[in-house]
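Numbering (the numbering used here), first residue to last: 152 to 353.
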């Protein structure tokens, strides 16, 4: 048995015949038909970014996981409408992933889960800002595989960086990811895109 935080993508690929999709057509939700944000939403996102960067600068470039959820993730989910009907919110939920023979393969506890009619709309796996966001991908995928309903969308973040995931269940089990959105971008606030994608998924 493996703890979810220790699982690797290679292990998931071996256990579940999971494959990475390289086709952009498999994950259009982060690229097309994105809702336009209001000026009010943009002002709020600028405030969230400013708050996070302020904490980052004052804490040796490391913001702890609980602070990431408090400063950024909770506000994003609120702005995306995930605290309202018909969505349900689950926090710190235990997850067990089993093989077809009933053997328990993975145990863990996911950070935040938003559910709509049994479908996991978005699963948020947050990390300490000092940890590379890519380290959360395999952990999030392990939780997504345990969902009885697919496709499932996920979001992995360390506060600074954001990557969306999609799990597809067809003839074979595949997953795809978005580009990485960084709050350290000097060009504009990438939280605009993150919120647009969350709203599109919702």
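Beta carbons are placed, not taken as given, at the ideal position from N, Cα and C, and that holds for glycine.
Please read these numbers as outputs of a predicted model, since none were measured by experiment.
Checklist line | Distance, residue 233 Cα to residue 353 Cα | finding: To locate residue 353, count along the chain shown from 1; it is residue 202. To locate residue 233, count along the chain shown from 1; it is residue 82. Roughly 7 Å separates the two Cα atoms.
Next item on the list: Quick one: give me the first and last residue of the alpha helix (DSSP H) that residue 360 is part of.
Entry: The first residue shown for the chain is 152 and the last is 353, placing residue 360 beyond what the model contains.
Notebook entry, point to check: Which partner residues does residue 260 have in the DSSP bridge list?
Noted result: Here residue 260 corresponds to residue number 109 of the chain shown, with the count starting at 1. Beta-bridge pairing by DSSP links residue 260 to 245.
Margin query: Strictly by DSSP, which residues pair up with residue 326?
Written below: On the chain shown, position 175 is the one that residue 326 refers to. Answer by DSSP bridge pairing, in chain order: 171, 318.
Item checked: Exposure label - residue 262; buried when at least 16 CB within 10 Å -> Looking up residue 262 in the chain shown gives position 111. Buried, since its Cβ has 16 or more Cβ neighbours within 10 Å.
Margin query: Quick check on the DSSP output: the alpha helix (DSSP H) that includes residue 191 runs from which residue to which?
Written below: On the chain shown, position 40 is the one that residue 191 refers to. Its alpha helix (DSSP H) spans residues 190–209.
Item checked: With 16 other Cβ atoms within 10 Å as the buried cut-off, status of residue 321 -> Along the chain shown, one-based indexing puts residue 321 at 170. Under this definition residue 321 is an exposed residue.
Check: Hey, out of 193, 191, 293, 184, whose CA is closest to residue 168's CA?
Finding: Taking the chain shown and counting its residues from 1, one reaches residue 168 at position 17. The shortest C-alpha separation from residue 168 is found at 293.
Next item on the list: Check the DSSP bridge columns for residue 333 and list the partner residues they point to.
Entry: For the purposes of this step, residue 333 is taken as residue 182 along the chain shown, with counting starting at 1. Paired residue(s): 312.
Margin query: Can you tell me where the alpha helix (DSSP H) holding residue 180 begins and where it ends?
Written below: Looking up residue 180 in the chain shown gives position 29. In the DSSP assignment, residue 180 falls outside any alpha helix (DSSP H) and carries neither an H nor an E.
Checklist line | The alpha helix (DSSP H) enclosing residue 346, as first and last residue numbers | finding: Position 195 of the chain shown holds residue 346. Run containing residue 346: 342–352, per the alpha helix (DSSP H) assignment.
Notebook entry, point to check: Which residues in the same chain have their Cβ closer than 8 Å to the Cβ of residue 236, if we skip the five residues on either side of it in sequence?
Noted result: In the chain shown, residue 236 corresponds to position 85, counting from 1. There are no such residues.
Notebook entry, point to check: Taking the continuous alpha helix (DSSP H) assigned at residue 289, which residues delimit it?
Noted result: In the chain shown, the residue the question calls residue 289 occupies position 138. Counting along the chain, the alpha helix (DSSP H) containing residue 289 begins and ends at 288–296.
Item checked: residue 163 - DSSP class collapsed to helix/strand/coil -> The sequence position of residue 163 within the chain shown is 12, counting from 1. Helix, per DSSP.
Check: Exposed or buried, which one is residue 191 when buried takes at least 16 other CB atoms within 10 Å?
Finding: Sequence index remark: in the chain shown, residue 191 carries index 40 (1-based). Counting Cβ neighbours within 10 Å, residue 191 comes out exposed, since fewer than 16 surround it.
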